[in-house]
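To start, the structure under review is shown below, and the notes come after it.
Numbering (this note's numbering), first residue to last: 68 to 415.
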């Protein structure tokens with residue numbers, strides 16, 4: 068998903084440093100509990116976190132900026148906020164928000180206190196489409212684990228999300244190093260809940276995403292949730308985005324059953340869905356409010372762990388003339404809506 072390096076809107080997915088992360092076919096997860104008996108130790112948990120606003124097991128956990136507040140952050144009363152993004156400072160092993168703000172920044176701490184004021188938790192999301200994920204810059208698993216741990220401590224979080232996409236997803240060395248570091252971190256922090264956020268197509272996860280999950284298995288990472296990015300499929304996918312999200316979820320559920328040896332129910336319960344609201348970065352892809360309602364209803368039906376969106380600061384209507392109908396904007400949805408409407412739709 069798009070980082071916070073403030074790209075110009077509408078650029079091609081070929082510019083990996085500037086735009087939202089693209090699914091594999093385009094051009095260019097605290098919801099854990101101890102694994103039930105007989106389940107593979109690293110499988111996603113079927114237990115969900117805080118219930119949605121209507122009492123369902125599916126919670127709402129949008130992506131927010133860790134450094135800049137949006138007036139729509141609390142729309143839908145999220146139970147968890149996904150904080151985007153912790154990446155490396157340059158080519159070092161030093162974690163920073165968006166690669167620029169210190170993880171211990173007093174401004175960020177003040178922001179997080181406000182996000183948590185009504186009882187919500189925060190999940191630190193590492194990676195994204197912009198900058199360098201720490202596994203590509205840290206020289207050892209121990210140093211990488213320490214970097215991840217420092218960011219979690221600074222945020223006061225026991226939930227870690229790893230948004231792995233683009234070239235980082237195909238880098239087998241960093242995939243293995245990350246798995247080793249996460250496994251080490253979980254041994255040190257028994258309550259640490261881990262989700263992986265991965266690109267998806269309507270046909271499901273690609274071979275690189277499956278290899279990442281197999282790597283997690285190999286190193287005994289305890290995976291709580293696999294969060295799929297139901298967005299940016301490619302210009303040939305110009306149909307209903309809500310339908311594509313459901314189709315992608317169904318395909319991924321079958322893959323999770325196989326990778327982790329899960330039952331139908333456990334595979335659904337170990338999944339999360341994240342959509343890019345409004346106009347996406349691929350021509351012809353627009354995710355509407357009715358799509359959000361459809362995804363929410365499907366998630367409740369299947370007891371999916373959580374639903375999310377990219378992102379709260381885009382959950383407003385664009386000012387007149389600021390964004391075309393085929394041009395994804397950084398700070399608005401590109402569709403007609405009232406402020407916070409997507410958040411309310413996802414919350415149910």
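Where a beta carbon is used, it is the ideal one built from N, C-alpha and C, also for glycine.
Item                                                                                                                                                                         : Value
Starting from residue 231, trace the beta strand (DSSP E) both ways and give me its first and last residue.                                                                  : No beta strand (DSSP E) holds residue 231; DSSP gives it neither H nor E.
On a CA-only basis, which of 176, 251, 227, 132 is nearest residue 210? Give me that one, please.                                                                            : 251
Using CA coordinates, which residue listed in 275, 274, 289 is at the minimum distance from residue 255?                                                                     : 289
Can you give the Cα-Cα distance for residue 100 and residue 291, rounded to whole angstroms?                                                                                 : Low local confidence applies: a pLDDT of 31 at residue 100 is under 50, so the model's placement there is unreliable, and no value is given.
Take the Cβ of residue 260 as the centre, count every other Cβ of all protein chains shown within 10 Å, and call the residue buried at 16 or more, exposed below.            : buried
Out of 160, 200, 350, 126, which one is the CA nearest neighbour of residue 301?                                                                                             : 350
Using only CA atoms, which one of 363, 277, 164, 284 lies nearest to residue 312?                                                                                            : 363
Residue 130 by DSSP, collapsed to three states: which one?                                                                                                                   : strand
If contact is defined by three or more beta carbon pairs under 8 Å, each pair taking one atom from either stretch, is the region 201-217 in contact with the region 264-284? : no
Which class does residue 381 belong to by DSSP, given the choice of helix, strand or coil?                                                                                   : helix
Could you tell me if residue 186 is buried or exposed, where buried requires 16 or more neighbouring beta carbons within 10 angstroms of its beta carbon?                    : exposed
Would you say residue 236 and residue 191 are within 8 Å of each other, going by their C-beta atoms?                                                                         : no
Of all the alpha helix (DSSP H) runs that stay within the bounds of the region 282-366, which reach a length of 4 or more residues?                                          : 308-327, 331-336
Return the chain-ordered list of same chain residues with a C-beta closer than 7 Å to the C-beta of residue 222, the five sequence neighbours on each side being excluded.   : 150, 179, 189, 191
Which residue comes first and which comes last in the alpha helix (DSSP H) that contains residue 200?                                                                        : Note, residue 200: premise wrong, no alpha helix (DSSP H); not H, not E.
Would residue 258 and residue 225 qualify as a contact pair, given that the criterion is a beta-carbon distance under 8 Å?                                                   : yes
Taking C-alpha atoms, which residue in 365, 387, 397 lies nearest to residue 380?                                                                                            : 397
Once you ignore the five residues that flank residue 35 on each side, which residues in its own chain have a CB closer than 7 Å to its CB?                                   : This structure cannot settle anything about residue 35, because the visible part of the chain is limited to 68 through 415.
Measuring alpha carbon to alpha carbon, tell me which of 142, 352, 165, 336 ends up nearest residue 135.                                                                     : 165
When you compare the CB positions of residue 345 and residue 402, do they come within less than 8 Å of one another, or not?                                                  : yes
Does residue 108 come out as helix, strand or coil in the three-state DSSP assignment?                                                                                       : Caution is warranted here: a pLDDT of 41 is assigned to residue 108, below 50, making its placement in the model unreliable, and no coordinate value can be reported.
With distances taken between CB atoms, is the gap from residue 307 to residue 336 smaller than 8 Å?                                                                          : no
Which class does residue 175 belong to by DSSP, given the choice of helix, strand or coil?                                                                                   : helix
For residue 154, does the three-state DSSP call read helix, strand or coil?                                                                                                  : strand
Using alpha carbons as the reference points, say which of 343, 310, 293 lies closest to residue 62.                                                                          : The structure shown does not extend to residue 62, since the chain is modelled only from 68 to 415, so the question has no answer here.
Which same chain residues end up closer than 8 Å to residue 269 when comparing Cβ atoms and leaving out the 5 residues on each side of it in sequence?                       : 300, 304, 311, 314, 315, 318
Can you tell me whether residue 256 is helix, strand or coil according to DSSP?                                                                                              : coil
Using the beta-carbon count (16 or more within 10 Å), is residue 194 buried or exposed?                                                                                      : buried
Find the nearest neighbour of residue 385 within the set 372, 399, 374, 373, judged by alpha-carbon distance.                                                                : 399
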